[in-house]
Amino acid sequence: MATHPTEYAHPEALVETDWLEKHLKDEGIRIVESNEDVLLYDTGHIPGAVHIDWRADLQDPVIRDYISPEKFAELCSRNGITPDTTCIFYGDKANWWACYALWAFRLFGHDKVKILNGGRDKWKSEDRPMTRDVPKYPKTNYPAPKKRFDNEIRAFFDEALAQSKSGKPLVDVRSPGEYRGEITHMPEYPQEGVLRGGHIPGAKSMPWKTATNDDATFKPASELAKIYFEQCEVSPDKETVVYCRIGERSSHTWFVLTYLLGLNNVR
Numbered sequence: 013m014a015t016h017p018t019e020y021a022h023p024e025a026l027v028e029t030d031w032l033e034k035h036l037k038d039e040g041i042r043i044v045e046s047n048e049d050v051l052l053y054d055t056g057h058i059p060g061a062v063h064i065d066w067r068a069d070l071q072d073p074v075i076r077d078y079i080s081p082e083k084f085a086e087l088c089s090r091n092g093i094t095p096d097t098t099c100i101f102y103g104d105k106a107n108w109w110a111c112y113a114l115w116a117f118r119l120f121g122h123d124k125v126k127i128l129n130g131g132r133d134k135w136k137s138e139d140r141p142m143t144r145d146v147p148k149y150p151k152t153n154y155p156a157p158k159k160r161f162d163n164e165i166r167a168f169f170d171e172a173l174a175q176s177k178s179g180k181p182l183v184d185v186r187s188p189g190e191y192r193g194e195i196t197h198m199p200e201y202p203q204e205g206v207l208r209g210g211h212i213p214g215a216k217s218m219p220w221k222t223a224t225n226d227d228a229t230f231k232p233a234s235e236l237a238k239i240y241f242e243q244c245e246v247s248p249d250k251e252t253v254v255y256c257r258i259g260e261r262s263s264h265t266w267f268v269l270t271y272l273l274g275l276n277n278v279r
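Here the sequence shown is numbered in the working numbering, starting from 13 and rising by one per residue.
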């Protein structure tokens, strides 16, 4: 029987709520809130946190793609972020969109990134400080990244098809109903959907939230290893592709596999 890890591969990729409350004013960090509900930030947020709107800030308004390197540089500059800034992401829904924003930063080569374990849900449940004050940071001059790391952390149609045909790990992180083709949308959002039901042939079903506890924190490494190594048959020596509908749910699983389980070949 394979021996599974008992510790996260990169524990430094997570910060806990008690630590963050003590370091809210630290130089060199920027707290970033990114939510499914883009209006939630205005109702109250962690003091000092800036808001990144997953749609308005990270997606190109004309083509179905992410923003350009130049737009990413503008986004960082107006939020007082430099290439040396450590960005700590958090949000609602167990850090669903926070992981998406983190992944987008990695797409542009910004590697100093962390997730607040438990996110907004845990922070509020512990009655930690919240504010409606919007911080103002001096504008920086973030240089436009020379490239996007699409090939390293993103899979395109032909690559996903090849993954399916080769029998390499494919993980469908949508709901079981979406996977089985019974619905074409997330259970909570019947107004959204895909054109065809079902899943990519060969894909294993493992809903993204399987990786989290009831308090929105991540499950221990040993449990995550059983979920993904045993049930999804991923491993360090196999290329793995995870997918959902538009990328937010798969970003969460990508974070788990990449940072918590230490796989370096996940897209």
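Note that CB positions come from ideal geometry on N, CA and C, so glycine has one too.
Tell me the DSSP secondary structure of residue i in three-state form.
i, result
"Leu26", "strand"
"Lys134", "helix"
"Met13", "Its pLDDT being 44, under 50, Met13 is placed unreliably by the model, and nothing is read from it."
"Val1", "Past the edges of the chain, shown from 13 to 279, lies residue 1, and the structure says nothing about it."
"Phe84", "helix"
"Arg160", "coil"
"Thr143", "strand"
"His264", "helix"
"Tyr240", "helix"
"Tyr154", "coil"
"Tyr78", "strand"
Tell me, which residues are paired with residue i by DSSP?
i, result
"Gln175", "None, per the DSSP bridge assignment."
"Cys99", "Arg42 and Val125"
"Ser217", "Asp184"
"Phe230", "Thr224"
"Val278", "Thr252"
"His57", "Thr143"
"His63", "Glu45"
Let's see if you can read the secondary structure: which residues bound the beta strand (DSSP E) around residue i?
i, result
"Arg42", "Ile41 to Glu45"
"Tyr255", "Val253 to Tyr255"
Specify, as a first and last residue, the run of the alpha helix (DSSP H) that residue i falls within.
i, result
"Tyr112", "Asp104 to Leu119"
"Glu48", "Taken as a continuous stretch (DSSP letters only), Glu48 belongs to no alpha helix (DSSP H), as it is neither H nor E."
Since residue i and residue j should fall inside the 8 Å C-beta cutoff, what is the C-beta to C-beta distance between them, to a whole number of angstroms?
i, j, result
"Ile165", "Leu119", "6 Å"
"His63", "Tyr78", "Not a contact, Cβ separation roughly 18 Å."
"Ala228", "Lys134", "5 Å"
"Val246", "Leu272", "Not confirmed; about 12 Å, so no contact."
Original post:
Would you call the segment 160-176 and the segment 88-103 in contact, with 3 or more CB pairs under 8 Å?
Top reply: no
Kindly confirm or deny that the segment 173-192 and the segment 134-150 touch, where touching means at least three C-beta pairs closer than 8 Å.
no
Count the C-beta pairs between the segment 47-55 and the segment 102-109 that are closer than 8 Å, then say yes if the count reaches three, no if not. yes
### Message
Closer than 8 Å is the cut-off here; do at least three beta carbon pairs connect the segment 145-159 with the segment 240-259?
### Response
no
_Below 8 Å, how does it come out for the segment 144-154 and the segment 83-94: are there three or more Cβ pairs, yes or no?_
yes
- [ ] Indicate whether the contact test is met: 3 or more Cβ pairs, each with one atom in the segment 17-24 and one in the segment 70-84, closer than 8 Å.
- [x] no
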